[in-house]
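Scroll down for the structure; my scribbles are underneath it.
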Amino acid sequence: MRKLMTGNSAVSHGVVLSRAQVISAYPITPQTTIVEELSEMCADGRLPAKFIRVESEHSAMACVAAAAATGARVFTATSSHGLAYMHEMLHWVSGTRLPVVMVNANRAIGAPWSIWCDQGDSLSQRDTGWLQLYCQSAQEALDTVIQAYRIAEEILLPVMVLVDGFFLSHTSEPVDIPDQEAVDRFLPPFHPRYKLTPDDPHTFNIMADTSLFISFRHEAQIAMETAKKLAARVDREFKSQFGRGYGLMEKFRCTDAEVVLLTMGTAAGTAREVIDQYRRQGKKVGLCRLRLFRPFPAEALIKTLSGMKKVAVLDRDNSLGAGGIVGQELKAALFRAPRKPKVFEFIAGLGGKDITPETIQKIMETTLHNANPNGAPIWLGVEA
Amino acid sequence: MNAKELLNEYLHSGHGCCPGCAMPIVMRTAFQALGERTIAVITAGCFGTISGTFPTSPIKLAAYNTPFASAGAAASGVRAALDVLGDTTTTVLAVAGDGGTFDIGIQAVSAAAERNDDYIYICYDNEAYMNTGIQRSSATPWGAWTTTTPPANLKSQPKKDIVRIMAAHRVPYAATASIAYPDDFIRKIRKAKETRGFKFIYAFSPCPVGWRFSSELTIRLARLAVQTKVFPLYEVEDGERYILNEEPEGTPVSDYLKPQGRFGFLREGDLERIQENVDREWQRLMHRMESRPT
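Going line by line, the protein sequences match chains A and B.
So the first sequence is numbered by the working numbering: it starts at 1105 and just counts up by one.
So the second sequence is numbered by the working numbering: it starts at 9 and just counts up by one.
Below, the structure written as structure tokens:
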């Protein structure tokens, strides 16, 4: 069934199709309409789940974490300050190896206040042990939620699905809603090996002494590495069943490209148009939209970018004192590459500043017409 | 509870509690009264930190440790998951100290109480952050020494009235409990188990290390706290029906304070002031008992 819906509504439908059993959330712009719709779906019986209306995001994550430990498939959604408020619990969930799925509608973190899009909120949680999948369309958001449960429950790590605030969360587009039976075949019920039950009592998260803690972290690291292949496999299976796949990254006109633009989220939609314009002028340029950011698919990126002359990285975030986070990660990955492209870094679109075709053109012009990057990332859209 | 039931042990040796600590008695009694079909949600604090080291656990119940501020929310998650999976009979028990209840955890506890989620919340109150080494909490009584209220700057505020706070949420059941009155303690735990909705059990938990008393005096101090009216034993049903469970002898409060080194820095007149405060609080409690609706 095809239906016109917003990115947030597509997420809600993905959660219903995934048969989430316990949902707990606290409203925050621009995520709110996800949990509003899910509240209605729970109330009218479309989703037979328990919905717990908590008093904070910290409690939302604590609540779904404990529910997942008890053996329920769980969901929550947040944005920005809400995600930051969850920070302690994000670590706890991955440490407990709980398959929690969360959608974060990307929004800048204050101060000053901003309700508008950038990806600094989720990227600043990159070390919390969550997989991160960045979406470009409402369809991809729905599909990725379903994929996220398959990945999370197989590898026992939490998955964060990212949608750009307003640009994706609140804009409508036609979305194909898969049949429930097909989703059920793709995503079987959640039956964890260990759960909280009086029938087989265990203590979860008891103190690990100095000889053991590092082993828990090492196991999680191995799982994270494995998750790269798993995410790719789950996406391939999804494609074979539903006819849509996205890969760990989406490559557009990259085959013979000499200069590639690398970015995440909705900016890639705008960039695609600009890349086409350059192609019409005979310029060998391409676009790589990174979908899986954690675990960082370093090998796949090296394979894609080795041999290219230049990469322009568009970061919709900035780590103060260091630069764009995608740019940093890419440079670290390329250190191992046999043939390294030159990396041009750009910061744009913070706090909802529009990334227009002109923004992308500036990035491409700078990258095409300079032999080398000038060191520091170039900021676009800063008012004088 | 009969002798046979006492053989059902759910808190074994191997925990790291200090000699004379009241908290393992609180937990052991609660676990025994609840039985094996119980899932415990434990926060940071004395019980969370010293109840065993991986891969061994002294707790013979399904138990889940959750960060400090989150007992109230995590227990709601366990309850919801059990319900949605079709298990409506297993008891969910949240366990937190005074820090995890009065202070860092009060937001999540208040929210769960307001939602009237169906579980038992036990607060073991040792009247300071004991696990980190005796720092004042909002449960620390007036005039007490802690490492953050040194002799020159003793705690100069009364403790929060946590039972009134919880009763103000109109929860179905709230009760104070003391290990010096085990029959009353067990009866209250069982009453909580049989009551649907949010139940709050407030257990007094003397701490020899933090209160500076000799470790064999734990039960005696717990009893003195009741008999001096410092810690009255009572229940509150639906936030308004107050029931007194033990008529105190009215022992002078100095009998309770003197064995405790933490009250060793009181100045002239402070003892009288504490007695006056205890008497005034008792009068207020009696007023709530009398004005209860029938």
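Note that beta-carbon positions come from the ideal geometry of N, C-alpha and C, so glycine has one too.
Asked	Found
Extent of the continuous beta strand (DSSP E) to which arginine 1106/A belongs	1106 to 1110
Three-state secondary structure assigned by DSSP to isoleucine 251/B	strand
Exposure label - methionine 1468/A; buried when at least 16 CB within 10 Å	buried
DSSP-derived helix/strand/coil call for tyrosine 18/B	coil
Under the three-state DSSP convention, the category tyrosine 132/B falls into	strand
Unbroken stretches of the alpha helix (DSSP H), 4 residues or longer, contained in the stretch 69 to 113 of chain B	79 to 92
With 16 other Cβ atoms within 10 Å as the buried cut-off, status of lysine 1107/A	exposed
Cβ of arginine 195/B within 8 Å of any chain A Cβ	no
Three-way DSSP call (helix, strand, coil) for tryptophan 1483/A in this model	strand
The alpha helix (DSSP H) enclosing arginine 1398/A, as first and last residue numbers	Here arginine 1398/A belongs to no alpha helix (DSSP H); instead the beta strand (DSSP E) covers 1396 to 1398.
Valine 1204/A: first and last residue of the uninterrupted beta strand (DSSP E) it sits in	Valine 1204/A -> no beta strand (DSSP E), and no H or E assigned at all.
Leucine 1237/A, DSSP secondary structure in three states	strand
Residue-chain proximity (tyrosine 132/B, chain A), Cβ-Cβ < 8 Å	no
Isoleucine 50/B: first and last residue of the uninterrupted beta strand (DSSP E) it sits in	46 to 51
Residue-chain proximity (threonine 1182/A, chain B), Cβ-Cβ < 8 Å	no
Those residues which DSSP pairs with arginine 1393/A across a bridge	Glu1354/A and Thr1367/A
For threonine 1180/A and serine 146/B, the rounded distance between their alpha carbons	32 Å
Per-residue contacts from leucine 1300/A into chain B (C-beta, under 7 Å)	Ile47, Ala70, Tyr72 and Val86
Residue-chain proximity (cysteine 1167/A, chain B), Cβ-Cβ < 8 Å	yes
Element boundaries [beta strand (DSSP E), containing phenylalanine 1271/A]	No beta strand (DSSP E) holds phenylalanine 1271/A; DSSP gives it neither H nor E.
CB contact check: serine 65/B to chain A, cutoff 8 Å	yes
Contact the stretch 1166 to 1185 of chain A vs the stretch 1144 to 1152 of chain A: 3+ CB pairs below 8 Å	no
Of the residues Ala104/B, Ser59/B, Asp95/B and Leu42/B, the one placed nearest serine 213/B, counting alpha carbons only	Ala104/B
Beta-carbon contacts of glycine 1373/A that lie in its chain and below 7 Å, excluding the five residues immediately before and after	Gln1240
Cβ of isoleucine 1156/A within 8 Å of any chain B Cβ	yes
Straight-line Cα distance separating proline 190/B from arginine 1157/A	37 Å
Residue-chain proximity (glycine 107/B, chain A), Cβ-Cβ < 8 Å	no
Burial state of proline 1152/A (16 or more Cβ within 10 Å)	exposed
Given phenylalanine 239/B as reference, the closest of Val171/B, Asp126/B and Val86/B once Cα atoms are compared	Val171/B
Backbone CA spacing between glutamine 1345/A and proline 1292/A [nearest angstrom]	14 Å
Own chain residues within Cβ distance below 7 Å of isoleucine 1406/A, not counting five before or after	Ala1437, Leu1438, Arg1440 and Ala1441
8 Å Cβ cutoff, glutamine 115/B in contact with chain A	yes
Cβ shell of glutamine 1135/A (< 6 Å), same chain only, five flanking positions each side left out	Ala1181, Thr1182, Ser1183 and Ala1209
Beta bridge counterpart(s) of asparagine 1210/A as assigned by DSSP	Asp1268/A
Meets three-Cβ-pair contact criterion under 8 Å: the stretch 1257 to 1276 of chain A and the stretch 1222 to 1241 of chain A	yes
Contact the stretch 125 to 139 of chain B vs the stretch 205 to 212 of chain B: 3+ CB pairs below 8 Å	yes
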